[in-house]
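Here's the structure, in structure tokens; my notes come after.
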Amino acid sequence: MWCRRRARVSATYSVGTGEQGTLELFYDSNYERSSSFAKMSGTWTDPQRNTFTVEANGSIFGQDGFGCVYTGNVSIIDPLYNVYRLTINVANCADINGAYTGLGTIGDRFAENDDQLFIFQVSNDSWALTSTLEKDAASVVDPTPPSQPQQVLAEPNSSSSINVSWEASTDDVAVASYRVFRDGMISQTTTATNIVETGLSASTQYCFAVAAVDAAGNESAQSMPEVCATTLSLDGAYGSITIQGSNLPAQFIPITGLGPSAGAADGFLQTAWQDGSGGALAVSIADDYFGVNGANVVLIIGAQEYECSSGFAGMTGDCSGASYDRVTRTVTFSNVELIGPGGASAIVSGALVY
8 MWCRRRARVS
18 ATYSVGTGEQ
28 GTLELFYDSN
38 YERSSSFAKM
48 SGTWTDPQRN
58 TFTVEANGSI
68 FGQDGFGCVY
78 TGNVSIIDPL
88 YNVYRLTINV
98 ANCADINGAY
108 TGLGTIGDRF
118 AENDDQLFIF
128 QVSNDSWALT
138 STLEKDAASV
148 VDPTPPSQPQ
158 QVLAEPNSSS
168 SINVSWEAST
178 DDVAVASYRV
188 FRDGMISQTT
198 TATNIVETGL
208 SASTQYCFAV
218 AAVDAAGNES
228 AQSMPEVCAT
238 TLSLDGAYGS
248 ITIQGSNLPA
258 QFIPITGLGP
268 SAGAADGFLQ
278 TAWQDGSGGA
288 LAVSIADDYF
298 GVNGANVVLI
308 IGAQEYECSS
318 GFAGMTGDCS
328 GASYDRVTRT
338 VTFSNVELIG
348 PGGASAIVSG
358 ALVY
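In our numbering, the protein residues as written are 8 to 361.
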């Protein structure tokens, strides 16, 4: 092909009227950029501050300070090249009323490929109209949704949480956020490419899909197929505590976990475990629950009961090392001292998932 980068071609011409001249053609890499309605759509302003609106389908409307009305459309000649065909009808404008056709191209105003200028010329047998328009970035009409998220993965994190991750989507402008669907319903919105879904039930399957959203509100197709994961079970593999003291079992492994009270989300936790051999552990923790801070831990081994209580009724033992994380649903025991019959004590350390 004769048209190469920086190539220049010159030729002379003459017409029957005797007019002669030189025609010079040269290659401009600006035309190698792609064209799209997403780049054209929006509000454009000419040097006289008159505005022209291009809709997502290419239709044009504008009106200047003299009352001239401009209607028409812009079309894409080839999406691989930065050239647009324009058809403009001018009305209410005296001598220049009529239909005009021509070409235009998008250029840069502030930075490379910012697509903030539109340079065009249209003409008919009597007149030629030429102008350079600037885009109002706030008015951009973006009809194109982001690409469908790919490589979605779901992996259990605990008995109450699942990690979900995916590859970033692409968009002709930019991806603004992602919507994560759990079992067909929107569960979370995030700007990251991963989330931790919490507050789930143990040993339960949950299925996820992800959609990308751009700043114009266009939403991509949801990822397919749905990916599913099952939360971990509440057994000894996911929590254990060590109890130190005389005549006490060396380790307590929960077999059954009772769910937290409804107040767990607003600063109060109440849950319990059993070890399958007559042992039971119950814990209540207040984290500024209606102004109360404290903990109560009760360990029952056979007929013996060991307890600490602080911030509730009375002060027994040292419960300050008992805490819970409502996100990971984990109760941590850091040298929690329980007082039993005759002043005997049991020191509890470790962590259990509720």
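Positions of the beta carbon are idealized from the N, C-alpha and C atoms, including for glycine.
Note that the structure is a prediction, hence the values are computed from the model and not measured.
> Where residue 312 and residue 166 are concerned, what is the direct C-alpha to C-alpha distance, given to the nearest angstrom?
Replying inline: 28 Å
> Since residue 222 is in the alpha helix (DSSP H), which residue starts that stretch and which ends it?
Replying inline: No alpha helix (DSSP H) contains residue 222, which DSSP labels as neither H nor E.
> Could you give the residue range of the beta strand (DSSP E) that holds residue 275?
Replying inline: 275 to 281
> residue 301 by DSSP, collapsed to three states: which one?
Replying inline: strand
>> Please identify the residue among 302, 86 and 98 whose C-alpha is closest to the C-alpha of residue 74.
In response: 98
>> Suppose contacts are defined by Cβ-Cβ distances below 8 Å. Is residue 112 in contact with residue 89 by that definition?
In response: yes
> Counting Cβ pairs, one atom from each stretch, are 3 or more of them under 8 Å apart for the stretch 161 to 178 and the stretch 18 to 31?
Replying inline: no
>> Looking at the secondary structure, which residues open and close the beta strand (DSSP E) in which residue 192 lies?
In response: 192 to 197
> Can you tell me whether residue 39 is buried or exposed, with buried defined as 16 or more other CB within 10 angstroms of its CB?
Replying inline: exposed
> So residue 359 and residue 315 are in contact, right, with Cβ under 8 Å, and what is the actual spacing, rounded?
Replying inline: Rounded, the Cβ-Cβ distance is 16 Å, inconsistent with contact.
> Taking residue 139 as the reference, which of 46, 124, 133 and 205 has the closest Cα?
Replying inline: 124
>> From the DSSP secondary-structure annotation, give me the bridge partner or partners of residue 347.
In response: BP columns for residue 347 are empty, so no partner.
>> Please classify residue 13 as buried or exposed, where buried requires at least 16 other C-beta atoms within 10 Å of its C-beta.
In response: For residue 13, the predicted structure reports a pLDDT of 48, less than 50, and the residue's modelled location is therefore unreliable. The matter cannot be settled from this model.
> Going by beta carbon distance, what residues of the same chain come within less than 6 Å of residue 18, once the five residues before and after it are set aside?
Replying inline: 30
> Between which two residues does the alpha helix (DSSP H) harbouring residue 98 extend?
Replying inline: Here residue 98 belongs to no alpha helix (DSSP H); instead the beta strand (DSSP E) covers 91 to 98.
> What does a CB cutoff of less than 6 Å around residue 9 pick up in its chain, not counting 5 residues either side in sequence?
Replying inline: Below a pLDDT of 50, predicted positions are generally treated as unreliable, and residue 9, at 33, falls in that range; the measurement from the model is reported next regardless. Excluding residues within five positions, none has a Cβ falling inside 6 Å.
>> Judging by CA-CA distance, which residue of 58, 92, 233 and 129 is the nearest neighbour of residue 107?
In response: 129
>> Looking only at its chain, what residues have a beta carbon closer than 7 Å to the beta carbon of residue 318, apart from the 5 residues adjacent to it on each side?
In response: 293, 299, 300, 301 and 302
> Quick one: complete beta strand (DSSP E) runs, 3+ long, within the stretch 58 to 127?
Replying inline: 58 to 61, 66 to 70, 76 to 83, 91 to 98 and 105 to 114
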